[in-house]
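Numbering (our numbering), first residue to last: -15 to 131.
Structural data, given as structure tokens:
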């Protein structure tokens, strides 16, 4: 399990631009129980797909990821621990990463996709559903650490 580290550039719709860091590891030792947890949401998707004439199916493999996000002017200097799923297709790079905070006091949701091997893009919601909610678009560049 190698750790991936990304420098983040985050921006709100109002123009607030901040820097941050994302660190995470993907646990490839065993698939996550993604399909079991997604069964409830799958029922709604099945209704939607039943209205489509041509249905396509593809398999996604879910693996657990654990890490942290640090945005000094939002999260403070301490990293916010995150956990979630990395979704992969059969032969390809990760389709998407879906994460959330494990701390209720510093709640966040972060979804991102790898654009290239070194670049990612996505969105982060800080304190969702609260009066101080902030929504960021995020661009990330992976740090290349020496071997």
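Where a beta carbon is used, it is the ideal one built from N, C-alpha and C, also for glycine.
Backbone CA spacing between residue -11 and residue 120 [nearest angstrom]: The sequence position of residue -11 within the chain shown is 5, counting from 1. The sequence position of residue 120 within the chain shown is 136, counting from 1. Approximately 19 Å between the Cα atoms of the pair.
Cut-off 6 Å between Cβ atoms - residues of its own chain near residue 48, not counting five sequence neighbours on either side: Against the chain shown, residue 48 aligns to sequence position 64. Cβ neighbours of residue 48 beyond the five flanking positions: 11 and 16.
Span separating the alpha-carbon of residue 46 from that of residue 109: By 1-based counting over the chain shown, the position of residue 46 is 62. By 1-based counting over the chain shown, the position of residue 109 is 125. Cα to Cα, the separation comes out at about 22 Å.
Per-residue DSSP class, three states only, for residue 1: Translated into positions along the chain shown, residue 1 becomes position 17. It is a strand residue.
Residues bridged to residue 116 (per DSSP): In the chain shown, the residue the question calls residue 116 occupies position 132. BP columns for residue 116 are empty, so no partner.
Supposed contact pair residue 94 and residue 124 - C-beta distance, whole angstroms, cut 8 Å: By 1-based counting over the chain shown, the position of residue 124 is 140. By 1-based counting over the chain shown, the position of residue 94 is 110. Not quite, the Cβ-Cβ distance comes to about 10 Å (not below 8 Å), so this is no contact.
Beta-bridge pairing of residue -7 - partner residues as DSSP gives them: Translated into the one-based positions of the chain shown, residue -7 becomes position 9. Residue -7 pairs with 3 and 123.
Same chain, Cβ closer than 6 Å to residue 73, neighbours up to 5 away in sequence not counted: By 1-based counting over the chain shown, the position of residue 73 is 89. Cβ neighbours of residue 73 beyond the five flanking positions: 79.
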